[in-house]
């Protein structure tokens, strides 16, 4: 097998060199926009991945964050601070139930309802069916059917009123201290229902 070699010289060689150079320039002109588009897409990807994503994550964090609302409406200089419901306040779980004055309005209404059905008010607390009780009222069932019970440590039981009004709850539960947990499901409470 013989290889043929062609030698181009003179004007023909110069013409071929100019033709190849011209074709390279035309190819570069057509390929440049495609190359610029690819560089632009890559740059946009980097920008979206780092800058815009961090911007939206910071914006989402600021929207999710709950602010503390401070109201100063008292005449004696006390300031009321309302925390978001999901913030746990340290030390709020352990308190002592002394008398009826330490209850909030809904619990006090439930206590008077208990008095109408047989509870006794004594100096050291409320007694119902032989237990020193702490009344708790919840207007509705929670969505996840888990009820959070904040109760003092110096009681024998908790009376939980569910649904209706504090002065006439639809469901009334008497939960002894031995069975009390901070979070209880509705199914756990069924056996403590008072008729």
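Residue numbers (UniProt numbering): 1 to 195. Beta carbons are placed, not taken as given, at the ideal position from N, Cα and C, and that holds for glycine.
For residue i, three-class secondary structure by DSSP
i: residue 132; result: strand
i: residue 157; result: strand
i: residue 105; result: helix
i: residue 178; result: helix
i: residue 43; result: helix
Whole-angstrom distance between residue j and residue i, CA atom to CA atom
i: residue 122; j: residue 113; result: 16 Å
i: residue 164; j: residue 171; result: 8 Å
i: residue 140; j: residue 62; result: 30 Å
i: residue 28; j: residue 36; result: 12 Å
i: residue 161; j: residue 168; result: 9 Å
i: residue 109; j: residue 177; result: 22 Å
Closest Cα partner of residue i within the set the options
i: residue 154; options: 168, 134 and 55; result: 134
i: residue 179; options: 167, 168 and 156; result: 156
i: residue 142; options: 118, 184 and 7; result: 184
i: residue 130; options: 158, 148 and 147; result: 158
Beta-carbon proximity list for residue i, same chain, < 6 Å, skipping 5 on both sides
i: residue 189; result: 173
i: residue 194; result: 172 and 174
Contacts around residue i, its chain only, beta-carbon distance under 7 Å, and the 5 residues preceding and following it disregarded
i: residue 137; result: 106, 107, 110, 161, 166 and 169
Rounded Cβ spacing between residue i and residue j (contact assumed at less than 8 Å)
i: residue 186; j: residue 145; result: 5 Å
i: residue 125; j: residue 115; result: Contact flag wrong, Cβ pair sits at about 13 Å.
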